[in-house]
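Asks: Below are the structure tokens for one structure; questions will follow.
Residue numbers (UniProt numbering): 1 to 237.
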């Protein structure tokens with residue numbers, strides 16, 4: 001198993017955001033977590049990335065290694081887990097290529113970095129056309145492509161994606177998801193948090209429904225698409 005999460009608990013002060021959830025991701029798998037705003041989806045990704053503290057009874061392993069022994073930067077450089085946060089958080093004053101190069105600062109395989117950056121440009125041809133353009137001047141869709149490309153360069157085992165479709169026009173949204181599928185086919189597992197539940201479940205192989213910090217439903221994505229409760233709550237009936 002690539003990632004195993006047991007009894008994940010996260011609190012913000014006296015407020016419990018996650019109430020001991022369990023889930024797992026296999027190599028090359030695409031998993032989605034859907035749920036309403038405030039359900040704990042983004043917190044789950046931030047916990048895996050070691051950006052928030054977890055409860056004392058939480059267990060998380062990645063490739064059989066105790067993930068909790070690693071700091072946030074080492075989760076990326078040692079374990080190959082990258083995180084595309086909501087809002088992208090690019091370096092707007094740097095060029096597209098400089099953003100990609102900076103994402104690989106901890107890597108020692110310089111030839112591998114060059115190959116991965118070139119691969120990003122092959123997957124996202126629009127970024128190749130804008131490689132010397134400052135990231136802050138890109139469109140929203142192009143910035144999302146760059147955020148995904150940056151994660152691809154920094155960590156290749158598991159990619160955590162937080163609302164990748166947010167603010168994108170339909171055609172650009174589909175292009176981003178097509179590229180994610182291509183990245184997955186090259187060996188990167190994906191954990192996707194997405195408000196567009198229908199899109200997420202069509203994209204993923206398995207899904208988890210998070211409600212108030214607890215897993216309410218889980219199963220094959222196709223089955224969840226047909227589940228009456230999921231349809232009523234998240235798919236518009």
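For every residue, glycine included, the Cβ atom is placed at its ideal position computed from N, Cα and C. Source: prediction; values computed, not measured.
With a threshold of 16 other CB atoms inside 10 Å of the CB of residue 118, please say whether the residue is buried or exposed.
Replies: Stepping through the chain shown from its first residue, residue 118 is reached at position 118. Exposed, since its Cβ has fewer than 16 Cβ neighbours within 10 Å.
Asks: So, for residue 16: in the same chain, excluding its five sequence neighbours on each side, which residues have a beta-carbon less than 8 Å away from its beta-carbon?
Replies: What you label residue 16 is simply residue 16 of the chain shown in a count that begins at 1. Closer than 8 Å at the Cβ level, and outside the excluded window around residue 16, lie 9, 10, 213.
Asks: Taking only the alpha-carbon atoms, compute the straight-line gap between residue 6 and residue 125 and give it to the nearest angstrom.
Replies: Translated into the one-based positions of the chain shown, residue 6 becomes position 6. Translated into the one-based positions of the chain shown, residue 125 becomes position 125. Those two C-alpha atoms are separated by around 40 Å.
Asks: Just the C-alpha distance for residue 232 and residue 85, rounded to the nearest angstrom, thanks.
Replies: Here residue 232 refers to the residue found at position 232 when the chain shown is read from its first residue. Here residue 85 refers to the residue found at position 85 when the chain shown is read from its first residue. Going from the Cα of residue 232 to the Cα of residue 85 covers about 28 Å.
Asks: For the segment 14 to 53, list the alpha helix (DSSP H) runs that are entirely contained and at least 4 residues long, ordered along the chain.
Replies: Whole alpha helix (DSSP H) segments, 4+ residues: 41 to 48.
Asks: Would residue 52 pass as a contact of residue 60 if the rule is Cβ separation under 9 Å?
Replies: Here residue 52 refers to the residue found at position 52 of the chain shown. Here residue 60 refers to the residue found at position 60 of the chain shown. No; because the gap between Cβ atoms is not below 9 Å, this pair is not in contact.
Asks: Do the CB positions of residue 208 and residue 43 come within less than 9 Å of each other?
Replies: In the chain shown, residue 208 corresponds to position 208, counting from 1. In the chain shown, residue 43 corresponds to position 43, counting from 1. Cβ distance not < 9 Å, so residue 208 and residue 43 don't count as in contact.
Asks: For the beta strand (DSSP E) that residue 7 lies in, which residues bound it at each end?
Replies: The residue labelled residue 7 in the question sits at position 7 within the chain shown. Per DSSP, residue 7 belongs to the beta strand (DSSP E) from 3 to 12.
Asks: Helix, strand or coil, according to DSSP, for residue 77 in the structure here?
Replies: For the purposes of this step, residue 77 is taken as the residue at position 77 of the chain shown. Of the three classes helix, strand and coil, the one that applies to residue 77 here is helix, per DSSP.
Asks: Let me check understanding here. Comparing Cα to Cα, which of 13, 14, 26 lies closest to residue 189?
Replies: For this step, residue 189 is matched to residue 189 along the chain shown. Of the candidates 13, 14, 26, the one whose C-alpha sits nearest the C-alpha of residue 189 is 26.
Asks: Within its chain, find whatever has a CB closer than 8 Å to the CB of residue 179; leave out the 5 residues flanking it on each side and keep chain order.
Replies: Counting from 1 along the chain shown, the entry for residue 179 is found at position 179. Excluding sequence neighbours, residue 179 sits near 123, 124, 145, 148.
Asks: Are the beta-carbon atoms belonging to residue 76 and residue 4 less than 9 Å from one another?
Replies: On the chain shown, position 76 is the one that residue 76 refers to. On the chain shown, position 4 is the one that residue 4 refers to. No, the pair does not count as a contact, with Cβ atoms beyond the cut-off.
Asks: I need the DSSP call for residue 166, collapsed to helix, strand or coil.
Replies: As a position in the chain shown, residue 166 is number 166, starting the count at 1. Here residue 166 sits in coil by DSSP.
Asks: Classify residue 154 as helix, strand or coil using the three-state DSSP reduction.
Replies: In the chain shown, counting from the first residue as 1, residue 154 sits at position 154. If DSSP states are grouped into helix, strand and coil, residue 154 belongs with the helices.
Asks: Taking the alpha carbon of residue 127 as the point to measure from, which residue in 97, 90, 116, 106 has its own alpha carbon closest?
Replies: As a working note, residue 127 is residue 127 in the chain shown. The residue with the shortest Cα to Cα distance from residue 127 is 97.
Asks: Could you tell me how far apart the beta carbons of residue 204 and residue 235 are, in whole angstroms, since I believe they sit closer than 8 Å?
Replies: Looking up residue 204 in the chain shown gives position 204. Looking up residue 235 in the chain shown gives position 235. At roughly 14 Å, the Cβ-Cβ gap does not stay under 8 Å, so residue 204 and residue 235 are not in contact.
Asks: Quick check: what's the CA-CA separation for residue 36 versus residue 23?
Replies: Here the question's residue 36 lines up with position 36 in the chain shown. Here the question's residue 23 lines up with position 23 in the chain shown. Taking the straight line from one Cα to the other gives about 18 Å.
Asks: Who does residue 189 pair with in a DSSP beta bridge?
Replies: Taking the chain shown and counting its residues from 1, one reaches residue 189 at position 189. Paired residue(s): 158.
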